[in-house]
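All remarks here apply to the structure that follows.
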Amino acid sequence: MKKILTSALLLTALVTPSVFAQIPVSRVEQYTPTDMVFLDMATDAAKENKSRGQNPSGAVIVINGEFRSSGRATGSVSAEEIAFKKSRLSSLKGATIYTVNEPTTAVYKFLCDNNIGAIYFVNGRDAVIKAGLATAADYNDASLPADMTKVPMFQIEFPDAGLLLK
6 MKKILTSALL
16 LTALVTPSVF
26 AQIPVSRVEQ
36 YTPTDMVFLD
46 MATDAAKENK
56 SRGQNPSGAV
66 IVINGEFRSS
76 GRATGSVSAE
86 EIAFKKSRLS
96 SLKGATIYTV
106 NEPTTAVYKF
116 LCDNNIGAIY
126 FVNGRDAVIK
136 AGLATAADYN
146 DASLPADMTK
156 VPMFQIEFPD
166 AGLLLK
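So the sequence shown is residues 6 to 171, counted in the numbering used here.
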């Protein structure tokens, strides 16, 4: 009798909608573990740059879910541009870039001109400006051509990336 009751309870649990289905999905769960791996790689590049006394910025280019290249900013060249150059690709069509800091308008235009598919970043423009890595004028969206295709950008909360700005 005990086995039958246990089986009935188990069957009821399988058929009845779970209580857990009603729990809202957190922001972190919207991204794959792979997204986090690539952001970690970009963060590592930024940490290396910071340890060399340069701006904490790093970027990783991914195509079809596979790592292609990474870059660290040097002088006036962005991490995203360095990663693109190292990738030896003629275009970023279909590629995704993971970067620590939200791209400035000039970098965003560069990525769009090279057909980037999507941009994932950690530190938004307000944090980047506050840290003194860019100015408000560097984020002049009004200067973008009206016919420019808007590339999807996603800001992801990521541990320790904000610490790079301090």
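Ideal Cβ positions, reconstructed from N, Cα and C, are used throughout, including at glycine.
- When the Cα of Glu53 is compared with those of Thr79, Asn128 and Val42, which residue comes out closest? Measuring from the Cα of Glu53, the nearest candidate turns out to be Thr79.
- Item | Beta-carbon proximity check, Gly99 vs Gly122, cutoff 8 Å | yes
- Message: Do Phe126 and Thr104 count as a contact pair if the criterion is CB distance below 8 Å?
- Response: yes
- Message: I need the straight-line Cα distance from Phe163 to Ala151, nearest angstrom please.
- Response: 32 Å
- Query: In chain order, what residues of the same chain have a beta carbon less than 8 Å from the beta carbon of Leu97, not counting five sequence neighbours either side?
  - Reply: Ile66, Phe89, Leu116, Asn119, Asn120, Ile121 and Gly122
- Task: Can you grab the Cα-Cα spacing for the pair Leu94 / Ala64, in whole Å?
- Result: 15 Å
- Message: Let's test the definition: count the other Cβ atoms within 10 Å of the Cβ of Arg73 and tell me whether it reaches 16, buried, or not, exposed.
- Response: buried
- Item | Helix, strand or coil at Ala47 according to DSSP, with G and I counted as helix | helix
- Message: Considering Cα atoms alone, identify which of Ile124, Tyr144 and Val82 is closest to Pro61.
- Response: Val82
- Task: Kindly give me the distance between the Cβ atoms of Met158 and Ile124, rounded to whole angstroms, as I take these residues to be in contact under 8 Å.
- Result: 5 Å
- Query: Between the beta-carbon of Glu107 and the beta-carbon of Gly137, is there less than 8 Å?
  - Reply: No, the pair does not count as a contact, with Cβ atoms beyond the cut-off.
- Task: Using 10 angstroms around the beta-carbon of Ala141, count the other beta-carbons present and answer buried if the total reaches 16, otherwise exposed.
- Result: Sixteen is the threshold: since fewer than 16 other Cβ atoms of the shown chains lie within 10 Å of the Cβ of Ala141, the residue is exposed.
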